[in-house]
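Asks:
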DNA sequence: CGTTACTGCTAACTCGCGTTAGCGGGGGTC
DNA sequence: GACCCCCGCTAACGCGAGTTAGCAGTAACG
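Residue numbers (our numbering), protein chains in the order written: chain U, 1 to 355; chain R, 1001 to 1355.
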């Protein structure tokens, strides 16, 4: 049965009224008072025909699509590896839906500028740009001076951009992690970043690590820092690099749980036990963090909330409300089993510099 | 600057031609030959005004939105726990985009029937329904006899439905896993499902497990079967249940990696080592499977491909091509460290039935 | 009884684009 | 020179809604 979709004209005809009346009834426009009998006739006709307003037509007439786009700006591999994406997406879609908005997912396109076209073509009312890198800013025209007029919110950080952003407090989170290690008694603490430093989250977490050391009066040794790159293998490589440098450490802050798992695997391979020989604190609290061995002590990143807040800010902006330039969500240290007090005399080469 | 979006009329005016010509030029309609000079003028005018065709208007005129929806039919928690969702989404969006389609994500709504409204309202041209349960079928009107006319493809299985589906070969995958254990020398093999049996994937994987046992002439003992429920804690509970039943086993097939991690944690807590005392084979090959301890031997589920194939089938269907009723993707056993030969005499209570 | 006010509804226009039918005009053919 | 054809372009309509202005009809009021 290839019978056409019912239009509002069909409903009007069946109910013996005009299209205008149908529109008023179905959209429950209070200011246009419609008689109860007429309203009932219209509703019944609509029901009978299984009428649903045509989306594009409505969008055209209203000048809005009630659709948000989530732009994933990381590479295919990084997106695939992001265990928190489902949670973030959930927060975003739930909040959007509650406001009557849909959510479109747009992986980063090859062609620059295509992102803004989503807005320019009116296919979407607003954009959530996730995980941008500083260098990419220019590529997609996001450095356009008029950009701040546009309904865009950055999920993450984009320093120097006038766009409102929603992010977790990476610096404070890293401090929580490292402070925890220090409180446990560690003095020689390594750090592996979650990503290259072009990503602001990596930069901020590294800075948090340094700030924590500095606050505790622990001298900062660049040989205890290595760069991770989202996935476990990068963590393994970084850890191997740290071990190869010959500088002792009793603990490591690995600024991403996925990276941390690779680092832990590398430690295991080198014959070191976690947490017995080396304590590890991660960052993100991915869903499986509690179920690996050892259970990962980590910093919880409120992914769901991040998504929800990003949607919230964007929706507020679309409602022409004034919106905070920056929304920062707090992290929380989740203590599990991968970090303990340092054993009394573990290091083969005695480290004499700490106190 | 609140200057209006440029319309095709603006472009036409600036180029000194009609809107029709603008449309022909920009849509590169070959059959309407446009002079090179005119074409150039139009292109330059469009460029100068930064013109982008208005999405909804175009969709209305063309009668198609070029948008697909991915309907996630599992609960919020299950979606958040799905480590493969990003990969699936990636396969879907990439394939869709290559064909000029966008992808919308629609979490399962509270209201039944809402799913089909996406289609009925013309907001979306086609639907990929992910992970349906048999019982839900009726809820969303998916049992409507005319449903098979609609551009919908099921990602997973929905027995009794006329909708085309794309799924992994769960039965064969489970057999690969259990055959591997049998080949290693195990005879007492337990099974924990990935989900309640209302999910067809759980049913099929359990059946595959039984088939493998049966093929090897190993009697099937219902006391060695337990039900998981997507997340690690459910795996822990299921494993505790199995251990509590007092029936010895040297290996377990846990039909979902997330569930397996919980099961392994439970084994550890009970003092048993994996794989030393008990071998474990999982299913899914989640991104972190290779990086947990022990590295998980598991059955690889081609998530990216599943998404891509689902998109492919849906796009073909939209192109009015005939489409296979069922697309089944093969799995592949990935041997890592969590399953080894059984140790010679491990079981405290000698099991005399095997052999 | 005439005027006003209000209720209940509709005609007609708008949104921006795709598209069919068709119209001038230049070049070729016989 | 009359005819035809095709190139290059445009007028006008349709997609399916939302919405403004305004028109009948009735009730209230003086």
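Heads up, the beta-carbon is just placed ideally off N, CA and C, and yes, glycines get one too.
1) I'd like to know if the region 1209-1224 of chain R and the region 1300-1308 of chain R are in contact, where contact means that at least 3 CB-CB pairs between them fall below 8 Å.
2) Got a sec: which bits of the region 82-95 of chain U sit with their beta carbon under 8 Å from any beta carbon on chain R, in order along the chain?
3) Helix, strand or coil for residue 54 of chain U? Go by DSSP, reduced to three states.
4) Give me the DSSP bridge partner(s) of residue 280 of chain U.
5) For a contact defined as C-beta to C-beta under 9 Å, what are the partners of residue 232 of chain U on chain R?
6) Would you tell me roughly how many angstroms separate the C-alpha atoms of residue 1315 of chain R and residue 1096 of chain R, rounded to the nearest one?
7) Who are residue 1104 of chain R's beta bridge partners in DSSP?
8) What in chain U is Cβ-close to residue 1258 of chain R, meaning under 9 Å?
9) Mind pulling the chain R residues with CB within less than 9 Å of residue 318 of chain U?
10) What residue range does the beta strand (DSSP E) around residue 1228 of chain R cover?
11) Report the rounded CA-to-CA distance for residue 1047 of chain R versus residue 289 of chain U, giving the unit in angstroms.
12) Which partner residues does residue 167 of chain U have in the DSSP bridge list?
13) For residue 99 of chain U and chain R, any beta-carbon pair shorter than 8 Å?
14) Please report the residue range of the alpha helix (DSSP H) in which residue 997 of chain R lies.
15) Using 8 Å as the Cβ pair cut-off and three pairs as the minimum, do the region 178-197 of chain U and the region 149-158 of chain U touch?
16) Candidates U:18, U:219, U:131, U:152: which alpha carbon is nearest residue 38 of chain U's?
17) Pull up the distance between the alpha-carbon of residue 1197 of chain R and that of residue 1205 of chain R, whole angstroms please.
18) Pull up the distance between the alpha-carbon of residue 1164 of chain R and that of residue 1170 of chain R, whole angstroms please.
19) Specify, as a first and last residue, the run of the alpha helix (DSSP H) that residue 1034 of chain R falls within.
20) Going along chain R in order, which residues have a C-beta closer than 7 Å to the C-beta of residue 105 of chain U?
21) Contact between the region 1227-1245 of chain R and the region 1177-1185 of chain R: three or more CB pairs below 8 Å?
22) Taking CB distances under 8 Å as the criterion, tell me whether residue 1054 of chain R reaches chain U.
23) State yes or no: is the beta carbon of residue 59 of chain U nearer than 8 Å to at least one beta carbon in chain R?
24) Using the DSSP secondary-structure output, state which residues sit across from residue 1192 of chain R in a beta bridge.
25) Is the shortest distance between the beta-carbon of residue 122 of chain U and the beta-carbons of chain R less than 8 Å?
26) Just how far apart, CA to CA, sit residue 262 of chain U and residue 1070 of chain R?
27) What did DSSP end up calling residue 130 of chain U once you bin it into helix, strand or coil?
28) In chain R, which residues lie with their C-beta within 9 Å of the C-beta of residue 238 of chain U?
29) Could you spell out where the beta strand (DSSP E) holding residue 300 of chain U opens and where it closes?
30) For residue 149 of chain U, tell me which candidate among U:260, U:44, U:125, U:253 has the shortest Cα-Cα distance.
31) Relative to the C-alpha of residue 1193 of chain R, which candidate in R:1203, R:1012, R:1335 has its C-alpha closest?
32) Output, in chain order, the set of chain R residues within a Cβ distance shorter than 9 Å of residue 265 of chain U.
33) When you compare each of U:328, U:238, U:266, U:232 to residue 77 of chain U by their alpha carbons, which one comes out closest?
34) Based on Cα-Cα distance, which residue from R:1237, R:1254, R:1238 lies nearest to residue 1208 of chain R?
35) Which chain U residues are close to residue 1156 of chain R, counting only those with a beta carbon under 9 Å from its beta carbon?
36) Taking the C-alpha atoms as reference points, what is the distance between residue 6 of chain U and residue 94 of chain U?
Replies: The short version:
1) No, they do not touch.
2) Only 82, 83, 85, 86, 87, 89, 90, 93, 94 from the region 82-95 of chain U bring a Cβ to less than 8 Å from some Cβ of chain R.
3) Judged by DSSP in its simplified three-state form, residue 54 of chain U adopts coil rather than helix or strand.
4) DSSP lists U:252 as the bridge partner or partners of residue 280 of chain U.
5) Chain R residues near residue 232 of chain U: 1287, 1288, 1290, 1291.
6) Rounded to whole angstroms, residue 1315 of chain R to residue 1096 of chain R spans 8 Å at the Cα level.
7) BP columns for residue 1104 of chain R point to U:104, R:1069.
8) For the C-beta of residue 1258 of chain R, the chain U residues within less than 9 Å are, from N- to C-terminus, 287, 288, 291.
9) The premise fails here: residue 318 of chain U is roughly 15 Å from chain R at the closest Cβ pair, so nothing lies under 9 Å.
10) The continuous stretches of beta strand (DSSP E) do not include residue 1228 of chain R, and DSSP gives it neither H nor E.
11) C-alpha separation (whole angstroms): 50 Å.
12) DSSP output for residue 167 of chain U lists U:328 as bridge partner(s).
13) With 8 Å as the cut-off, residue 99 of chain U does not count as an interface residue toward chain R.
14) The question about residue 997 of chain R has no answer, for chain R in this structure spans 1001 to 1355.
15) The answer is no - the region 149-158 of chain U does not touch the region 178-197 of chain U, with fewer than three Cβ pairs under 8 Å.
16) When each option's Cα is compared against that of residue 38 of chain U, the closest is U:18.
17) Taking C-alpha positions only, residue 1197 of chain R is separated from residue 1205 of chain R by approximately 10 Å.
18) C-alpha separation (whole angstroms): 17 Å.
19) Annotation for residue 1034 of chain R: no alpha helix (DSSP H) segment contains it, and DSSP assigns it neither H nor E.
20) What residue 105 of chain U touches in chain R: 1089, 1093, 1103, 1105.
21) These segments do not touch.
22) The beta-carbon of residue 1054 of chain R is placed less than 8 Å from the nearest beta-carbon of chain U.
23) Interface criterion met: the Cβ of residue 59 of chain U is under 8 Å from a Cβ in chain R.
24) For residue 1192 of chain R, which the question treats as bridged, DSSP gives the partners R:1226, R:1254.
25) With a threshold of 8 Å between beta carbons, residue 122 of chain U makes contact with chain R.
26) In a straight line, the C-alpha of residue 262 of chain U is about 32 Å away from that of residue 1070 of chain R.
27) Residue state for residue 130 of chain U is assigned as strand, using DSSP reduced to three classes.
28) For residue 238 of chain U, no chain R residue has a Cβ inside 9 Å of its Cβ, as the nearest lies near 14 Å away.
29) From DSSP, the beta strand (DSSP E) with residue 300 of chain U extends over 298-300.
30) The shortest C-alpha to C-alpha distance from residue 149 of chain U to any of U:260, U:44, U:125, U:253 is the one to U:125.
31) Closest by alpha carbon: R:1203.
32) At a beta-carbon threshold of 9 Å, the residues of chain R lying near residue 265 of chain U are 1290, 1291, 1292, 1293, 1295, ordered along the chain.
33) Checking every option, the nearest Cα to that of residue 77 of chain U belongs to U:232.
34) Nearest of R:1237, R:1254, R:1238 to residue 1208 of chain R, Cα basis: R:1254.
35) Those do not exist, as residue 1156 of chain R stays about 16 Å from chain U at its closest Cβ, beyond 9 Å.
36) CA-CA distance, residue 6 of chain U to residue 94 of chain U, rounds to 30 Å.
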